[in-house]
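Participant: Numbering (this note's numbering), first residue to last: 4 to 356. Cβ atoms here follow ideal geometry from the backbone N, Cα and C, with glycine treated the same way.
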Amino acid sequence: MLNSFFGLHMGLRALDYFRRKMEVASHNVARADDENYSRQRVEAKSAPPFTDPSLNRPALPGQIGTGVLVSRIARLRDVFLDAQYRDSMNSQHFWSAVDEALSRVEMLIKEPKDRGLQDVLDAYWSALQELSKSPESLAVRQSLVQTSKNMALFVRDLGKGLKGYREDLNLQLELYAQEANSILERIAQLNRRISQAQALGDNPNDLMDERDALIDRLSQLMDCKTQVACAPSGEFTVFLDDKAIVQGERVRKLVLVKNPGNGGFFDVQLEDNLYDISSNPSVVAVTFEQRVSRAYASVEVFRLATQTRYLVGNARTSEQLRVRDPDEALGLSGKLALQVGNGPTRLSGRALP
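(1) Work out the CA separation of Ser-106 and Ser-151 for me, nearest whole Å.
(2) Among all the DSSP beta bridges, which residues are the ones paired with Glu-46?
(3) Which class does Phe-239 belong to by DSSP, given the choice of helix, strand or coil?
(4) Out of Ser-222, Ile-67, Val-158, Gly-204, which one is the CA nearest neighbour of Glu-182?
(5) Using 8 Å as the threshold, is the C-beta distance between Leu-131 and Phe-157 below it?
(6) Run through DSSP, which three-state label would Phe-8 get?
(7) Please state the DSSP three-state secondary structure of Asn-39.
(8) Val-231 and Phe-242 - do their beta-carbons sit closer together than 8 Å?
(9) Can you have a look at Asn-265 and say buried or exposed, based on whether 16 or more other CB atoms are within 10 angstroms of its CB?
(10) Determine contact between the segment 16-25 and the segment 185-193, defined as no fewer than three beta-carbon pairs at a distance below 8 Å.
(11) Over the uninterrupted alpha helix (DSSP H) stretch that includes Asn-208, give me the two end residues.
(12) Rounding to the nearest angstrom, what Cα-Cα distance links Val-32 and Arg-80 in this structure?
(13) Alpha carbons only, please: which of Ala-216, Gly-162, Ser-94 is nearest the one belonging to Leu-111?
(14) So which of Leu-273, Asp-244, Ala-247, Met-225 has the shortest CA-CA distance to Leu-257?
(15) Quick one: using the 10 Å Cβ neighbour count with 16 as the cut-off for buried, is Gly-10 buried or exposed?
(16) Identify the continuous beta strand (DSSP E) that holds Asp-270 and give its terminal residues.
(17) Look at the Cβ atom of Leu-210, then the Cβ atom of Leu-193, and state whether they are nearer than 8 Å.
(18) At a cut of 8 Å, does the segment 35-53 reach the segment 67-80 through at least three beta carbon pairs?
(19) Which residue marks the beginning of the alpha helix (DSSP H) containing Leu-176, and which one marks its end?
(20) Let me confirm a value: Ile-248 is counted as buried when at least 16 other C-beta atoms fall within 10 Å, else exposed. Which label applies?
(21) Between which residues of its own chain and Ser-321 is the CB-CB distance below 7 Å, once the five residues before and five after are set aside?
(22) In whole angstroms, what separates the C-alpha of Gly-167 from that of Val-108?
(23) Could you please give me the residues that DSSP links to Thr-229 through a beta bridge?
(24) Buried or exposed: where does Ile-218 fall if 16 or more other Cβ atoms within 10 Å of its Cβ makes it buried?
(25) Applying the criterion that 16 or more other CB atoms from any shown protein chain within 10 Å of the CB defines a buried residue, is Val-123 buried or exposed?
(26) Report the rounded CA-to-CA distance for Gln-250 versus Arg-195, giving the unit in angstroms.
(27) Nearest-angstrom Cα distance between Arg-220 and Met-92?
(28) Apart from the five residues just before and just after His-12, which ones in its own chain have a Cβ nearer than 6 Å to its Cβ?
(29) With a 10 Å radius around its C-beta and 16 neighbouring C-beta atoms as the bar for buried, classify Ala-308 as buried or exposed.
(30) Please state the DSSP three-state secondary structure of Gln-66.
(31) Could you round the C-beta distance between Ala-50 and Thr-69 to whole angstroms and report it? I think they count as a contact, below 8 Å.
(32) Excluding the 5 residues preceding and the 5 following Val-71 in the sequence, name in chain order all residues of the same chain whose CB lies nearer than 8 Å to its CB.
(33) Could you have a look at Leu-18 and say whether DSSP puts it in helix, strand or coil?
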């Protein structure tokens with residue numbers, strides 16, 4: 004026999020479900036102007052039917068539904084679109100920074116408007132041309148001297164301006180690193196609170212919105228990627244150059260290290276992956292090698308401090324192929340970029356036959 008209150012209890016569940024939907028709808032309306040808010044939705048599921056199959060179940064035809072239950076409050080967010088948005092924002096802010104830097108340099112060299120570097124150089128070459136035509140003329144000589152002084156003053160002021168702008172960029176880098184470290188700390192704290200809420204079966208949607216807003220800002224400062232583990236813990240990880248800088252509640256902060264080979268300006272490293280930067284040429288030894296028959300080139304880097312060797316390129320070390328004359332031209336051309344640290348050595352360039 005069914006209880007007399009069976010229908011009333013089913014109606015109570017329905018009222019609770021619709022009340023929750025009204026609460027979530029009110030929350031959506033209240034946060035409509037918040038750009039960091041993700042719309043939420045109440046998802047329902049059927050309550051356990053009456054009754055479960057058993058030997059002592061009432062002799063009723065089939066199972067009777069017992070109403071509706073709130074399954075979860077879903078957060079309407081597309082992870083794929085989030086990744087695309089962050090990639091676009093990272094690219095936009097990168098090129099905005101490049102545009103700002105080039106605009107600042109244009110302002111310093113006063114190009115293409117005003118009397119800029121090109122005009123100063125043209126005046127200098129013109130004065131030299133006039134001197135070649137009339138080397139005995141005192142007026143032409145004095146004109147060249149004055150033009151040379153003007154060019155020297157312009158170049159001196161340009162150097163001071165570029166140095167000052169570089170110092171401004173160094174200070175800006177320090178401020179950005181501090182902001183990034185603060186964001187990383189807050190993300191780790193949110194990871195802990197979100198994990199605790201999910202362990203209790205809750206849906207911490209507002210906390211996830213706050214975390215995504217921080218990730219959006221972080222993607223403007225650096226090229227970071229995020230990943231949510233498939234494990235039950237759902238550990239949230241933030242990567243920078245394939246290195247985890249936030250993993251759950253653990254944080255690896257950014258550290259600014261002065262580079263003596265770059266005028267004492269900052270290089271950005273991770274706190275547990277620091278490597279010394281030295282201007283001493285004995286720290287790293289580089290050997291160029293070329294296989295003459297196929298014009299393959301390789302670079303062997305020997306870190307004297309750690310006795311570690313790196314070989315970059317398609318050539319193979321061989322005594323028969325080694326270039327024995329240190330003054331012999333290898334026929335290599337292109338830009339060489341070499342980075343030595345705890346990470347891999349990177350090389351760019353090309354070989355000519």
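Facilitator: The relevant details are as follows:
(1) As a first step, residue 151 must be located in the sequence shown, where it is residue number 148. As a first step, residue 106 must be located in the sequence shown, where it is residue number 103. Each residue's alpha carbon lies about 27 Å from the other.
(2) For this step, residue 46 is matched to residue 43 along the sequence shown. Beta-bridge pairing links Glu-46 to Arg-75.
(3) Indexing the sequence shown from 1 puts residue 239 at position 236. For Phe-239, the three-state secondary structure derived from DSSP is strand.
(4) The residue you call residue 182 lines up with position 179 of the sequence shown. Glu-182 has its Cα closest to that of Ser-222, out of Ser-222, Ile-67, Val-158, Gly-204.
(5) Your numbering for residue 131 matches position 128 in the sequence shown. Your numbering for residue 157 matches position 154 in the sequence shown. No, these two residues do not count as a Cβ contact at 8 Å.
(6) Locating residue 8 in the sequence shown gives position 5, where the first residue counts as 1. The DSSP-derived three-state label of Phe-8 is coil.
(7) Taking the sequence shown and counting its residues from 1, one reaches residue 39 at position 36. Note: Asn-39 maps to coil in three-state DSSP.
(8) Against the sequence shown, residue 242 aligns to sequence position 239. Against the sequence shown, residue 231 aligns to sequence position 228. With a cutoff of 8 Å on beta-carbon distance, Phe-242 and Val-231 are scored as not near each other.
(9) Residue mapping note: residue 265 aligns to position 262 of the sequence shown, counting from 1. Counting other Cβ atoms within 10 Å of its Cβ, Asn-265 stays below 16 and is therefore classed as exposed.
(10) No contact exists between the segment 16-25 and the segment 185-193.
(11) Taking the sequence shown and counting its residues from 1, the one referred to as residue 208 is at position 205. For Asn-208, the uninterrupted alpha helix (DSSP H) run begins and ends at 208-224, by DSSP.
(12) In the sequence shown, residue 32 corresponds to position 29, counting from 1. In the sequence shown, residue 80 corresponds to position 77, counting from 1. Rounded to the nearest whole angstrom, the C-alpha separation of Val-32 and Arg-80 is 17 Å.
(13) Along the sequence shown, one-based indexing puts residue 111 at 108. Here the closest residue by C-alpha is Gly-162.
(14) To locate residue 257, count along the sequence shown from 1; it is residue 254. The shortest CA-to-CA distance from Leu-257 to any of Leu-273, Asp-244, Ala-247, Met-225 is the one to Leu-273.
(15) The count along the sequence shown starts at 1 and reaches residue 10 at position 7. Label assigned to Gly-10: exposed.
(16) Sequence index remark: in the sequence shown, residue 270 carries index 267 (1-based). Unbroken beta strand (DSSP E) run through Asp-270: 268-273.
(17) Within the sequence shown, residue 210 is the residue found at index 207, counting from 1. Within the sequence shown, residue 193 is the residue found at index 190, counting from 1. The answer is yes: Cβ separation under 8 Å.
(18) Here the segment 35-53 makes contact with the segment 67-80; the two share three or more CB pairs at distances below 8 Å.
(19) As a working note, residue 176 is residue 173 in the sequence shown. Counting along the chain, Leu-176 sits inside the alpha helix (DSSP H) bounded by residues 141-202.
(20) What you label residue 248 is simply residue 245 of the sequence shown in a count that begins at 1. So Ile-248 counts as buried.
(21) For the purposes of this step, residue 321 is identified with residue 318 of the sequence shown, where counting begins at 1. Confidence in Ser-321 is poor, its pLDDT being 42 and thus under 50, which makes the residue's placement too unreliable to answer from.
(22) Numbered from 1 along the sequence shown, position 164 holds the residue referred to as residue 167. Numbered from 1 along the sequence shown, position 105 holds the residue referred to as residue 108. Looking at the backbone, the Cα of Gly-167 and that of Val-108 are separated by about 11 Å.
(23) Here residue 229 corresponds to residue number 226 of the sequence shown, with the count starting at 1. Val-241.
(24) For the purposes of this step, residue 218 is taken as residue 215 along the sequence shown, with counting starting at 1. Residue environment: Ile-218 is assigned as buried (16 or more neighbouring CB atoms within 10 Å of its CB, all protein chains considered).
(25) The residue labelled residue 123 in the question sits at position 120 within the sequence shown. It counts as buried.
(26) Locating residue 250 in the sequence shown gives position 247, counting from the first residue. Locating residue 195 in the sequence shown gives position 192, counting from the first residue. When rounded, the distance between both Cα atoms is 11 Å.
(27) Locating residue 220 in the sequence shown gives position 217, where the first residue counts as 1. Locating residue 92 in the sequence shown gives position 89, where the first residue counts as 1. The alpha-carbon atoms of Arg-220 and Met-92 are separated by roughly 9 Å.
(28) Reading the sequence shown from its first residue, position 9 is the one you call residue 12. Answer for His-12: no residue qualifies.
(29) The count along the sequence shown starts at 1 and reaches residue 308 at position 305. Confidence in Ala-308 is poor, its pLDDT being 49 and thus under 50, which makes the residue's placement unreliable; the coordinate value appears in the next sentence. With fewer than 16 other Cβ atoms within 10 Å, it is exposed.
(30) In the sequence shown, residue 66 corresponds to position 63, counting from 1. It is coil, neither helix nor strand.
(31) Start at 1 with the first residue of the sequence shown, and residue 50 comes out as number 47. Start at 1 with the first residue of the sequence shown, and residue 69 comes out as number 66. Contact check for Ala-50 and Thr-69: beta-carbon distance about 4 Å, within the 8 Å limit, so the pair qualifies.
(32) Here residue 71 refers to the residue found at position 68 when the sequence shown is read from its first residue. Listed in chain order, the non-local C-beta contacts of Val-71 below 8 Å within the same chain comprise Arg-16, Ala-17, Tyr-20, Ala-47, Lys-48, Ser-49, Ala-50, local neighbours out to five positions each way being set aside.
(33) In the sequence shown, the residue the question calls residue 18 occupies position 15. In this structure, DSSP gives Leu-18 a helical state, which the three-state scheme calls helix.
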